[in-house]
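The listed protein sequences correspond, in order, to chains A and B. Counted the way this note's numbering counts, the first sequence spans residues 285 to 478. Counted the way this note's numbering counts, the second sequence spans residues 173 to 342. Think of the CB as a built atom: it goes at the ideal place given N, C-alpha and C, for glycine as much as any other residue. In this text, all values refer to a predicted model and were calculated from it rather than measured experimentally. Read through the structure below, which is laid out as structure tokens, and then see the notes.
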Amino acid sequence: MAARIRKLIVQVDETLREMNHAVEPPTRRALAMAVIENPCAGRYVENLDELVAIGEELGGLLGRRCVEALGIAPAQAQSYGKAAIVGEAGELEHAAAILHPKMGATLRAAVEKGAALVPSAKKRGGLGTAIDVPLGHKDAAFVRSHFDAIEARVSDAPRANEIVVAIAVTDSGRPLARVGGLKASEIKGEDGLR
Amino acid sequence: MADILPMMEALNPVGLDMAHRLRASMDVPVERIEAYGKGAIVGSAGELEHGALWHVPGGYAMRELLGWKGDRAAYARGEGEKKTGQPGNALAIVPSTKKVGAPGTTLDVPLTHINASYVRSHFDAVEVRVPGAPASDELVFILAMSTGARVHARVGGLKAADIAQWDGLR
Numbered sequence: 285m286a287a288r289i290r291k292l293i294v295q296v297d298e299t300l301r302e303m304n305h306a307v308e309p310p311t312r313r314a315l316a317m318a319v320i321e322n323p324c325a326g327r328y329v330e331n332l333d334e335l336v337a338i339g340e341e342l343g344g345l346l347g348r349r350c351v352e353a354l355g356i357a358p359a360q361a362q363s364y365g366k367a368a369i370v371g372e373a374g375e376l377e378h379a380a381a382i383l384h385p386k387m388g389a390t391l392r393a394a395v396e397k398g399a400a401l402v403p404s405a406k407k408r409g410g411l412g413t414a415i416d417v418p419l420g421h422k423d424a425a426f427v428r429s430h431f432d433a434i435e436a437r438v439s440d441a442p443r444a445n446e447i448v449v450a451i452a453v454t455d456s457g458r459p460l461a462r463v464g465g466l467k468a469s470e471i472k473g474e475d476g477l478r
Numbered sequence: 173m174a175d176i177l178p179m180m181e182a183l184n185p186v187g188l189d190m191a192h193r194l195r196a197s198m199d200v201p202v203e204r205i206e207a208y209g210k211g212a213i214v215g216s217a218g219e220l221e222h223g224a225l226w227h228v229p230g231g232y233a234m235r236e237l238l239g240w241k242g243d244r245a246a247y248a249r250g251e252g253e254k255k256t257g258q259p260g261n262a263l264a265i266v267p268s269t270k271k272v273g274a275p276g277t278t279l280d281v282p283l284t285h286i287n288a289s290y291v292r293s294h295f296d297a298v299e300v301r302v303p304g305a306p307a308s309d310e311l312v313f314i315l316a317m318s319t320g321a322r323v324h325a326r327v328g329g330l331k332a333a334d335i336a337q338w339d340g341l342r
């Protein structure tokens, strides 16, 4: 079954200056969110395959929306993350079903490669609940300049029987990154870590 | 301020102290601590980058406390630890989030399994908030631990009992 989507929201967060220093090139983080109906709301459903399929669909849709919003080729994406907020009539496990089994494969197709784990967060919440979507380098999880997070929030969602699903993709690390560690220019990008 | 690395050094004892307090607060034997995460909230007069100073002091402290046998200096440089492929503890990266925010700002701190990042039942997050902090010139540093899987976890994937590669991932 395809996701029943009430809303799609796409934002780009661009930092041009920080602490009176120019950020060159500006760092850019795209966030794509879908507000969907939760087909398992209000009762205990043992098998969550329906939500797994929705996750597979949204990984591609939201991943592509982010890449398009950044105006980049998929291979130019540098970091990514995902999150979900389950409305009051749902379970935290519904977020897990969307995020973990199949979303990664379609998201990785949208950003190319993606050897690293897609970092994630989940919670239950009401209208306007915010969630911090963790960000990590898409090919090497230890790249220190790309550890970050972006806040996702939809003012009128999730309703009790809805789920907000968010994917974030960047073409850059943090503004003025300077705490050392593994650099993006040094990675092998094979094992997903370094 | 261009060179902020001395503060990373200064945070080492803070990380160790917090990790010990957290472990004590969990009030369970150390082997029952199965997931962890960390985070930072930077006050309005600071930079996001100041929050990044927490990666080494926070991550290292918690991993060492839970049994990791790595080299702190190599960790600080971001170099790889030698994966032996043998069972060990706290082998996985400590997931994190950070943001700049006003007093009372909420941060969602991600949680993953301490030995293998891909253990699906342990992907989770905990919401953290300190009323009144951070003031504009303050930082809130956060460590989080949990005893286990999500309630009624049932979406398959790698199980903690099936960790076999001992590479921090699977």
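- Query: How about A/Glu377: is its C-beta nearer than 7 Å to some C-beta of chain B?
  - Reply: For this step, residue 377 of chain A is matched to residue 93 along the first sequence. Chain B, which has a Cβ nearer than 7 Å to the Cβ of A/Glu377, makes this yes.
- Query: Start and end of the beta strand (DSSP E) containing B/Gly328?
  - Reply: The residue given as residue 328 of chain B occupies position 156 in the second sequence. Segment: none, B/Gly328 is in no beta strand (DSSP E) and carries neither H nor E.
- Item | A/Ala380, enclosing beta strand (DSSP E) - first and last residue | For the purposes of this step, residue 380 of chain A is identified with residue 96 of the first sequence, where counting begins at 1. A/Ala380 -> not in any beta strand (DSSP E); alpha helix (DSSP H) instead, spanning 376-383.
- Message: Would A/Ala461 and A/Ser404 be called neighbours here (beta carbons separated by less than 7 Å)?
- Response: The residue labelled residue 461 of chain A in the question sits at position 177 within the first sequence. The residue labelled residue 404 of chain A in the question sits at position 120 within the first sequence. Their beta carbons are not under 7 Å apart, which means A/Ala461 does not touch A/Ser404 by this criterion.
- Message: What are the residues in the segment 234-247 of chain B lying within 7 Å of chain A by C-beta distance?
- Response: none
- Message: Check this for me: beta carbons of A/Leu376 and B/Gly250, under 7 Å apart or not?
- Response: Within the first sequence, residue 376 of chain A is the residue found at index 92, counting from 1. Within the second sequence, residue 250 of chain B is the residue found at index 78, counting from 1. No, these two residues do not count as a Cβ contact at 7 Å.
- Quick one: list the residues of chain A neighbouring B/Ser216, beta-carbon separation under 7 Å, in chain order. Start at 1 with the first residue of the second sequence, and residue 216 of chain B comes out as number 44. Simply none; closest approach about 12 Å.
- Within the chosen definition, does the segment 382-397 of chain A reach the segment 301-310 of chain B through at least 3 CB pairs nearer than 8 Å? no
- Classify A/Val370 as buried or exposed, calling it buried when 16 or more other Cβ atoms lie within 10 Å of its own Cβ. In the first sequence, counting from the first residue as 1, residue 370 of chain A sits at position 86. Its Cβ being crowded by 16 or more others within 10 Å, A/Val370 is buried.
- Going by the beta-carbon positions, is the gap between A/Leu346 and A/Ala381 smaller than 7 Å? Reading the first sequence from its first residue, position 62 is the one you call residue 346 of chain A. Reading the first sequence from its first residue, position 97 is the one you call residue 381 of chain A. Their beta carbons are not under 7 Å apart, which means A/Leu346 does not touch A/Ala381 by this criterion.
- Query: the segment 437-462 of chain A: which residues have C-beta closer than 9 Å to a C-beta of chain B, in chain order?
  - Reply: Arg458, Pro459, Leu460, Ala461, Arg462
- Could you work out which residues of chain A lie near B/Ser197, taking near to mean beta carbons separated by less than 8 Å? As a working note, residue 197 of chain B is residue 25 in the second sequence. Near B/Ser197 there are no residues of chain A at all, since even the closest Cβ is about 22 Å away, more than 8 Å.
- Message: On the DSSP letters alone, give me the boundaries of the alpha helix (DSSP H) that A/Leu466 sits inside.
- Response: Here residue 466 of chain A refers to the residue found at position 182 of the first sequence. Per DSSP, A/Leu466 belongs to no alpha helix (DSSP H) and is neither H nor E.
- Is A/Ala405 close to chain B, meaning its C-beta is less than 7 Å from at least one C-beta of that chain? On the first sequence, position 121 is the one that residue 405 of chain A refers to. Yes - at least one Cβ of chain B is within 7 Å of the one on A/Ala405.
- Message: I'd like to know whether the C-beta atoms of B/Val214 and B/Leu311 end up nearer to each other than 7 Å.
- Response: Looking up residue 214 of chain B in the second sequence gives position 42. Looking up residue 311 of chain B in the second sequence gives position 139. Cβ distance < 7 Å, so B/Val214 and B/Leu311 count as in contact.
- What residue range is occupied by the uninterrupted alpha helix (DSSP H) comprising A/Asp333? Along the first sequence, read from residue 1 onward, the residue named residue 333 of chain A stands at position 49. A/Asp333 -> alpha helix (DSSP H) spans 333-354.
- Item | Below-7 Å beta-carbon distance, B/Ala297 vs any chain A residue | Your numbering for residue 297 of chain B matches position 125 in the second sequence. So yes, B/Ala297 belongs to the interface.
- Query: Which whole-angstrom value describes the C-beta separation of A/Ala373 and A/Gly326, a residue pair presumed to lie in contact below a C-beta threshold of 8 Å?
  - Reply: Stepping through the first sequence from its first residue, residue 373 of chain A is reached at position 89. Stepping through the first sequence from its first residue, residue 326 of chain A is reached at position 42. With 8 Å as the limit, A/Ala373 and A/Gly326 qualify as a contact, their Cβ atoms being about 5 Å apart.
- Task: Taking only beta-carbon positions, decide if B/His285 is within less than 7 Å of chain A.
- Result: Position 113 of the second sequence, counted from the start, is the residue given in the question as residue 285 of chain B. Not one chain A Cβ lies under 7 Å of B/His285.
- Query: Whose C-alpha, out of A/Ala353, A/Leu315, A/Lys406, A/Ala361, is nearest the C-alpha of A/Ile451?
  - Reply: Working through the first sequence from its first residue, we reach residue 451 of chain A at position 167. Residue A/Leu315 is the option with its Cα nearest to A/Ile451.
- Under a Cβ-count criterion, where at least 16 other Cβ atoms within 10 Å of its own Cβ denotes burial, should A/Asn331 be classed as buried or exposed? For the purposes of this step, residue 331 of chain A is identified with residue 47 of the first sequence, where counting begins at 1. So A/Asn331 counts as exposed.
- Message: So if I threshold CB-CB distances at 8 Å, which residues from the segment 298-317 of chain A count as touching chain B?
- Response: Glu302, Met303
- Task: Could you tell me whether the Cβ atoms of B/Val266 and B/Ile314 are closer together than 7 Å?
- Result: Locating residue 266 of chain B in the second sequence gives position 94, counting from the first residue. Locating residue 314 of chain B in the second sequence gives position 142, counting from the first residue. No, these two residues do not count as a Cβ contact at 7 Å.
- Message: Closest to A/Gln295 by C-alpha separation, out of A/Pro309, A/Arg349, A/Ser363, would be which residue?
- Response: Stepping through the first sequence from its first residue, residue 295 of chain A is reached at position 11. Of the listed residues, the one whose Cα sits closest to A/Gln295 is A/Arg349.
- Task: Would you kindly work out how many angstroms separate the C-alpha atoms of B/Ser293 and B/Asn261, rounded to a whole number?
- Result: Translated into positions along the second sequence, residue 293 of chain B becomes position 121. Translated into positions along the second sequence, residue 261 of chain B becomes position 89. Approximately 18 Å, taken between the alpha carbons.
- Are the C-beta of B/Leu188 and some C-beta of chain A separated by less than 7 Å? On the second sequence, residue 188 of chain B is found 16 positions in, with the first residue counted as 1. No, B/Leu188 does not count as interfacial toward chain A.
- Nearest to A/Arg312 by CA position, among A/Val329, A/Ala318, A/Gly344, A/Thr299, is which residue? Position 28 of the first sequence, counting from 1, holds the residue named residue 312 of chain A. Per the Cα distances, A/Thr299.
- Message: My output table needs one value for B/Val202: the three-state DSSP class, helix, strand or coil.
- Response: Counting from 1 along the second sequence, the entry for residue 202 of chain B is found at position 30. It is helical.
- Which chain A residues sit within Cβ distance under 7 Å of B/Pro282? By one-based count along the second sequence, residue 282 of chain B stands at place 110. Those are Pro403, Ser404, Ala405, Pro418, listed as they occur along chain A.
- Item | Rounded straight-line distance, which links the Cα of A/Glu474 to that of B/Ile205 | Indexing the second sequence from 1 puts residue 205 of chain B at position 33. Indexing the first sequence from 1 puts residue 474 of chain A at position 190. Each residue's alpha carbon lies about 30 Å from the other.
- State yes or no: is the beta carbon of B/Thr256 nearer than 7 Å to at least one beta carbon in chain A? Residue 256 of chain B sits at position 84 when you count from the first residue of the second sequence. For B/Thr256, the answer is no, since every Cβ of chain A falls outside 7 Å of its Cβ.
- Query: Closer than 7 Å, CB to CB, is B/Ile265 near chain A or not?
  - Reply: Residue 265 of chain B sits at position 93 when you count from the first residue of the second sequence. For B/Ile265, the answer is yes, since a Cβ of chain A falls inside 7 Å of its Cβ.
- Can you tell me whether DSSP reads A/Arg428 as helix, strand or coil? As a working note, residue 428 of chain A is residue 144 in the first sequence. Note: A/Arg428 maps to helix in three-state DSSP.
- Would you say A/Gly465 faces chain B, with C-beta separation under 7 Å as the test? Taking the first residue of the first sequence as position 1, residue 465 of chain A is located at position 181. With 7 Å as the cut-off, A/Gly465 counts as an interface residue toward chain B.
- Give every residue of the same chain whose Cβ lies closer than 6 Å to the Cβ of B/Pro259, excluding the five residues on either side of it in the sequence, and list them in chain order. By 1-based counting over the second sequence, the position of residue 259 of chain B is 87. Answer for B/Pro259: Trp338, listed in chain order.
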